[in-house]
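Engineer: Numbering (my numbering), first residue to last: 33 to 314. All residues carry an ideal CB built from backbone N, CA and C; glycine is no exception.
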Amino acid sequence: MPDSALQTLVSCMGQPVAGNPTQFMMERCFHAAGLDWRYLTLEVPAENLADAMKGMRSMGFQGGNFTIPHKVAVIEHLDDLSEAARLMGAVNCVNRVGDQLVGENTDGKGFVQSLKELVDPVDKKVVMIGAGGAARAIGVEVGLNQAAEITVVNRTPERGQELVDLLNNDVKVTSRLVVLDGDYQVPEDTDIVINATSIGLGDADARVPLDVETLTSQMIVADVIFNPPQTRLLRDAAAKGCQVLDGLGMLVNQAVIGFKIWTQVDPDPKVMREALEEYLEL
Ligand code: NDP
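#1: The ligand NDP and Arg191: does the residue's C-beta get closer than 8 Å to at least one heavy atom of that ligand?
#2: Would you identify the three-state DSSP class for Arg128, choosing helix, strand or coil?
#3: Which residues does DSSP list as the beta-bridge partners of Lys157?
#4: Is it a yes or a no for the region 128-136 touching the region 260-269, going by three-plus beta-carbon pairs under 8 Å?
#5: Touch check for the region 144-154 and the region 208-218: three-plus C-beta pairs under 8 Å?
#6: Hey, would you say Cys125 sits closer than 9 Å to Ile293, going by beta carbons?
#7: How many Å lie between Val104 and Gly164 at the Cα?
#8: Let me know if Pro189 comes out buried or exposed under the rule of 16 or more other beta-carbons within 10 Å of its beta-carbon.
#9: Starting from Phe93, follow the beta strand (DSSP E) in both directions and report where the run begins and ends.
#10: Looking only at DSSP bridge pairs, what is Trp318 linked to?
#11: Can you determine whether any heavy atom of the ligand NDP sits closer than 8 Å to the C-beta of Arg187, and answer yes or no?
#12: Which residues mark the beginning and the end of the alpha helix (DSSP H) in which Ser146 is found?
#13: Give, in chain order, every unbroken run of the alpha helix (DSSP H) that is at least 4 residues long and sits entirely within the region 55-93.
#14: Using a Cβ-Cβ cut-off of 8 Å (strictly less than) and excluding sequence neighbours within five positions of Asn200, which residues of its own chain qualify?
#15: Over the uninterrupted alpha helix (DSSP H) stretch that includes Ile170, give me the two end residues.
#16: Return helix, strand or coil for Arg267, following the three-state DSSP convention.
#17: For the candidate residues Ile161, Gly95, Asn227 and Ala166, whose alpha-carbon lies nearest to that of Gly130?
#18: In this structure, how does DSSP classify Gly317 when only helix, strand and coil are distinguished?
#19: Report the three-state DSSP secondary structure of Asp112 (helix, strand or coil).
#20: Looking only at its chain, what residues have a beta carbon closer than 6 Å to the beta carbon of Phe56, apart from the 5 residues adjacent to it on each side?
#21: Quick one: Cα of Leu233 to Cα of Gly66, how far?
#22: Where does Asn201 sit, in a helix, a strand or coil, going by DSSP?
#23: Please report the straight-line C-alpha distance between Glu194 and Asn177, rounded to a whole angstrom.
#24: Quick one: Cα of Lys141 to Cα of Gln286, how far?
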């Protein structure tokens, strides 16, 4: 563990923020673990990222989370990357190891950890709607965890194809693209269905373009949306007898993984989850 003096982590965001759920979870767990650490939420405009990274080094911050629009841009300011972050070409978590800043990506790992509470992705057929940052992180980790195949369903063909190429060529998991055209019909032999789009964020009634009548009770249906966590897709899937997984678990787990990377202490996931639910007023 880094020495016991006050350590600081940062969360670099592109937009003004009063706080964020990860900050709330981290601060609660520092307290619970008796660590005199702080997690600051800082707004860094894109054009100031290089200076912010110099500041992070010179002030000896232990690390930080990076979010939109910094997840790709931060890479050129780092000394090394984990395998997953290199494959994804995106970093959401930075850790200082000696005088080196190392980039990680914990989003996909958080999702897979959550998924494994219900099923191991090994040899499973996966349908994933979306091809943005969250989908990229999940696709890479599900692929590294030896899923049998991943069907990427996306509205914009170019973005979808880019992810499919990454999965086939670099992660070496069989992947194909379906371009969204009306409601997607889920193939009967699908094991896991994931909504990795932003549909449902802030709108419990928003509809993912998927024919819920094609869902069967053998399928596990997961959603990345954590606010509100009971999305329309998950409600519909539960009504069809599917096991469902909300986005809260992914968010909690990426925080658990980040906490361990920085502090080398295992936080209590229950404390994380309670803090998150309190923050979201659930
Ligand atoms: P991006 O903007 O990178 O990607 C958004 C994706 O959603 C794209 O594939 C986009 O398709 C698709 N999409 C958006 N609107 C529609 C629509 N109306 N119809 C069809 N497709 C649509 O976002 P991220 O991947 O970074 O984030 C996605 C969601 O994941 C966010 O809501 C975020 O909050 C959540 N998230 C949750 C986490 C957790 O821990 N639970 C962690 C990280 C993210 P197209 O390519 O065609 O534009």
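Structural biologist: In short:
#1: Checking the Cβ of Arg191 against the ligand NDP gives yes.
#2: Looking at Arg128 - three-state DSSP - the assignment turns out to be strand.
#3: Answer is Glu181, bridged to Lys157.
#4: As far as the Cβ criterion goes, the region 128-136 does not touch the region 260-269, which means the pair count is below three.
#5: In short, these stretches do not touch, since the Cβ pair count stays below three.
#6: Yes, the Cβ-Cβ distance between Cys125 and Ile293 is below 9 Å.
#7: The straight-line gap from Cα to Cα measures roughly 12 Å.
#8: Pro189 is exposed by the Cβ-count criterion.
#9: For Phe93, no beta strand (DSSP E) run applies, since DSSP gives it neither H nor E.
#10: In the structure as shown, the chain begins at 33 and stops at 314. Residue 318 is therefore absent and cannot be evaluated.
#11: For the ligand NDP, at least one heavy atom lies less than 8 Å from the Cβ of Arg187.
#12: First-last of the alpha helix (DSSP H) with Ser146: Asp139 to Leu147.
#13: Within the region 55-93, the complete alpha helix (DSSP H) segments of 4 residues or longer fall at 81-90, listed in chain order.
#14: Closer than 8 Å at the Cβ level, and outside the excluded window around Asn200, lie Thr206 and Ser207.
#15: Gly165 to Leu176 is the extent of the alpha helix (DSSP H) around Ile170.
#16: Residue state, collapsed to three classes: helix.
#17: Nearest in C-alpha terms to Gly130, of all of Ile161, Gly95, Asn227 and Ala166, is Gly95.
#18: There is no way to answer for residue 317, as the model of the chain reaches only from 33 to 314.
#19: Reduced to three states, the DSSP call for Asp112 is strand.
#20: Same-chain partners within the cutoff: Ala307 and Tyr311.
#21: Straight-line measurement puts the Cα of Gly66 at about 34 Å from the Cα of Leu233.
#22: If DSSP states are grouped into helix, strand and coil, Asn201 belongs with the helices.
#23: The C-alpha of Glu194 lies about 20 Å from the C-alpha of Asn177.
#24: Straight-line spacing of the CA atoms in Lys141 and Gln286 works out to 7 Å.
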